[in-house]
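Undergrad: Below you will find the structure I want to go over with you.
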Amino acid sequence: MADVVVGYMIDTLRPMMSVTRRMMVPIPEAESDRNDREEKAKRDERMVENIMKVAQIHLVVAALLMTVTFTAGFTLPGGFESDTNSPNKGMAILLRRTTFCAFVISDVIAFACSTAAVFTNFLMATKSISSATTE
0 MADVVVGYMI DTLRPMMSVT RRMMVPIPEA ESDRNDREEK AKRDERMVEN IMKVAQIHLV
60 VAALLMTVTF TAGFTLPGGF ESDTNSPNKG MAILLRRTTF CAFVISDVIA FACSTAAVFT
120 NFLMATKSIS SATTE
(Lines of atoms letter the chains of each structure in order from A and count residues from 1; the text may use other names and numbers.)
(Lines give C-alpha, C1' and ligand atoms only; values in the text may rest on other atoms or scores of the structure.)
Protein backbone atom coordinates (compact mmCIF):
# COMPACT_ATOMS: atom_id res chain seq x y z
CA MET A 1 0.00 0.00 0.00
CA ALA A 2 2.79 2.42 0.90
CA ASP A 3 4.47 1.73 -2.44
CA VAL A 4 1.28 2.68 -4.26
CA VAL A 5 0.97 5.96 -2.34
CA VAL A 6 4.61 6.88 -2.96
CA GLY A 7 4.27 6.02 -6.64
CA TYR A 8 1.12 8.12 -6.88
CA MET A 9 2.83 11.07 -5.19
CA ILE A 10 5.81 10.84 -7.50
CA ASP A 11 3.58 10.66 -10.57
CA THR A 12 1.60 13.68 -9.31
CA LEU A 13 4.61 15.80 -8.35
CA ARG A 14 6.75 15.05 -11.41
CA PRO A 15 4.99 17.58 -13.74
CA MET A 16 5.20 20.28 -11.05
CA MET A 17 8.90 19.59 -10.60
CA SER A 18 9.58 20.00 -14.30
CA VAL A 19 7.70 23.33 -14.34
CA THR A 20 9.67 24.48 -11.31
CA ARG A 21 12.93 23.47 -12.94
CA ARG A 22 12.07 25.47 -16.06
CA MET A 23 11.28 28.51 -13.91
CA MET A 24 14.59 28.24 -12.07
CA VAL A 25 16.82 29.00 -15.02
CA PRO A 26 20.27 29.65 -13.61
CA ILE A 27 21.76 33.03 -14.43
CA PRO A 28 25.20 32.72 -15.89
CA GLU A 29 27.68 33.45 -13.15
CA ALA A 30 29.82 35.81 -15.20
CA GLU A 31 26.84 38.08 -15.92
CA SER A 32 25.77 38.22 -12.27
CA ASP A 33 29.35 38.97 -11.19
CA ARG A 34 29.58 41.77 -13.73
CA ASN A 35 26.26 43.21 -12.54
CA ASP A 36 27.42 43.00 -8.94
CA ARG A 37 30.65 44.79 -9.81
CA GLU A 38 28.77 47.49 -11.73
CA GLU A 39 26.33 47.98 -8.86
CA LYS A 40 29.19 48.17 -6.38
CA ALA A 41 31.04 50.68 -8.58
CA LYS A 42 27.91 52.84 -8.88
CA ARG A 43 27.31 52.63 -5.13
CA ASP A 44 30.94 53.57 -4.42
CA GLU A 45 30.72 56.48 -6.87
CA ARG A 46 27.55 57.78 -5.19
CA MET A 47 29.21 57.45 -1.80
CA VAL A 48 32.24 59.43 -2.97
CA GLU A 49 29.98 62.13 -4.41
CA ASN A 50 28.09 62.38 -1.11
CA ILE A 51 31.34 62.58 0.84
CA MET A 52 32.59 65.35 -1.44
CA LYS A 53 29.35 67.31 -0.96
CA VAL A 54 29.62 66.97 2.81
CA ALA A 55 33.30 67.97 2.68
CA GLN A 56 32.39 71.13 0.76
CA ILE A 57 29.76 72.02 3.37
CA HIS A 58 32.27 71.41 6.17
CA LEU A 59 34.80 73.58 4.37
CA VAL A 60 32.34 76.47 4.18
CA VAL A 61 31.45 76.11 7.86
CA ALA A 62 35.12 75.93 8.88
CA ALA A 63 35.94 79.01 6.80
CA LEU A 64 33.05 80.93 8.38
CA LEU A 65 34.17 79.89 11.85
CA MET A 66 37.69 80.98 11.03
CA THR A 67 36.58 84.43 9.91
CA VAL A 68 34.25 84.92 12.90
CA THR A 69 36.89 83.89 15.44
CA PHE A 70 39.51 86.03 13.72
CA THR A 71 37.17 89.03 13.88
CA ALA A 72 36.28 88.31 17.51
CA GLY A 73 39.98 88.46 18.35
CA PHE A 74 40.12 92.09 17.19
CA THR A 75 36.77 93.28 18.50
CA LEU A 76 37.10 92.14 22.10
CA PRO A 77 34.06 92.27 24.37
CA GLY A 78 34.10 95.28 26.66
CA GLY A 79 36.20 97.34 24.29
CA PHE A 80 39.60 98.93 24.84
CA GLU A 81 40.90 101.46 27.34
CA SER A 82 40.74 104.81 25.59
CA ASP A 83 41.81 107.18 28.36
CA THR A 84 44.88 109.08 27.12
CA ASN A 85 46.33 109.45 30.61
CA SER A 86 45.90 105.78 31.56
CA PRO A 87 48.97 103.51 31.67
CA ASN A 88 46.77 100.76 30.16
CA LYS A 89 45.86 102.75 27.05
CA GLY A 90 44.83 100.39 24.25
CA MET A 91 44.47 97.36 26.55
CA ALA A 92 41.20 95.43 26.91
CA ILE A 93 38.98 96.70 29.70
CA LEU A 94 38.01 93.18 30.83
CA LEU A 95 41.59 91.90 30.74
CA ARG A 96 41.69 90.80 34.38
CA ARG A 97 38.31 89.02 34.39
CA THR A 98 38.20 85.22 34.37
CA THR A 99 35.38 85.13 31.86
CA PHE A 100 37.42 87.27 29.47
CA CYS A 101 40.34 84.86 29.72
CA ALA A 102 37.95 81.96 29.05
CA PHE A 103 36.64 83.84 26.01
CA VAL A 104 40.14 84.42 24.63
CA ILE A 105 41.18 80.80 25.17
CA SER A 106 38.03 79.40 23.55
CA ASP A 107 38.41 81.87 20.67
CA VAL A 108 41.99 80.74 20.07
CA ILE A 109 41.00 77.06 20.21
CA ALA A 110 38.11 77.61 17.78
CA PHE A 111 40.35 79.54 15.40
CA ALA A 112 43.07 76.89 15.52
CA CYS A 113 40.62 74.02 14.94
CA SER A 114 38.82 75.71 12.05
CA THR A 115 42.14 76.69 10.46
CA ALA A 116 43.36 73.12 10.80
CA ALA A 117 40.13 71.85 9.20
CA VAL A 118 40.47 74.22 6.24
CA PHE A 119 44.12 73.37 5.61
CA THR A 120 43.48 69.64 6.05
CA ASN A 121 40.75 69.87 3.42
CA PHE A 122 43.13 71.63 1.04
CA LEU A 123 45.85 69.05 1.66
CA MET A 124 43.44 66.17 0.99
CA ALA A 125 42.19 67.88 -2.17
CA THR A 126 45.70 68.40 -3.53
CA LYS A 127 46.63 64.82 -2.66
CA SER A 128 43.55 63.42 -4.42
CA ILE A 129 44.22 65.61 -7.47
CA SER A 130 47.84 64.50 -7.65
CA SER A 131 46.89 60.83 -7.26
CA ALA A 132 44.22 61.20 -9.97
CA THR A 133 46.71 62.72 -12.43
CA THR A 134 49.29 59.95 -11.87
CA GLU A 135 46.80 57.16 -12.63
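The letter at position 128 of the sequence shown is residue 127 when you use numbering that gives the first Met the number 0, and the numbering goes up by one with no holes. A virtual CB, placed ideally from N, CA and C, is assigned to each residue, including glycine. On a predicted model such as this, the values are computed, not experimentally measured, just so you know.
Quick one: residues in its chain with C-beta nearer than 7 Å to the C-beta of Asn34, no 5 flanking neighbours on either side, listed in chain order?
TA: Contacts found: none.
Undergrad: For Met123, which of Thr98, Ile50 and Arg95 has the nearest alpha-carbon?
TA: Among Thr98, Ile50 and Arg95, the Cα nearest to that of Met123 belongs to Ile50.
Undergrad: Using 8 Å as the threshold, is the stretch 42-58 in touch with the stretch 82-96, meaning 3 or more CB pairs across them?
TA: No, the stretch 42-58 does not touch the stretch 82-96.
Undergrad: Apart from the five residues just before and just after Thr97, which ones in its own chain have a Cβ nearer than 7 Å to its Cβ?
TA: So the list is empty, once near-sequence residues are dropped.
Undergrad: So within the stretch 52-93, which uninterrupted beta strand (DSSP E) runs reach at least 3 residues, ignoring any that extend past its ends?
TA: As far as the stretch 52-93 is concerned, it has no whole beta strand (DSSP E) run of at least 3 residues.
Undergrad: Please report the Cβ distance between Ala61 and Val117, rounded to the nearest whole angstrom; I am assuming they are in contact, meaning their Cβ atoms lie under 8 Å.
TA: Their Cβ separation, rounded to whole angstroms, is 5 Å, which keeps Ala61 and Val117 in contact under 8 Å.
Undergrad: Do Leu64 and Asn120 have their beta-carbon atoms positioned less than 8 Å apart in this structure?
TA: Contact: no.
Undergrad: Does the Cβ-Cβ distance between Pro78 and Phe99 come in under 8 Å?
TA: Looking at the sequence shown, residue 78 is not Pro but Gly. Going by C-beta atoms, Gly78 is not nearer than 8 Å to Phe99.
Undergrad: Helix, strand or coil for Arg45, going by three-state DSSP, please let me know.
TA: Helix.
Undergrad: Who are the Cβ neighbours of Thr68 in its own chain at under 6 Å, not counting the five residues just before and after it?
TA: Counting only Cβ-Cβ distances below 6 Å, and skipping sequence neighbours, we find Asp106, Ala109 and Phe110.
Undergrad: Among Thr66, Ala40 and Ala71, whose alpha-carbon lies nearest the alpha-carbon of Val103?
TA: It is Ala71 whose Cα lies nearest to the Cα of Val103.
Undergrad: Take the Cβ of Ser129 as the centre, count every other Cβ of all protein chains shown within 10 Å, and call the residue buried at 16 or more, exposed below.
TA: The residue is exposed, with fewer than 16 neighbouring Cβ atoms inside 10 Å.
Undergrad: Tell me which residues share the same chain as Thr83 and place their Cβ nearer than 8 Å to its Cβ, disregarding the 5 neighbours each side in the sequence.
TA: If we look at Thr83 and ignore the five residues flanking it on each side, it has no Cβ neighbours.
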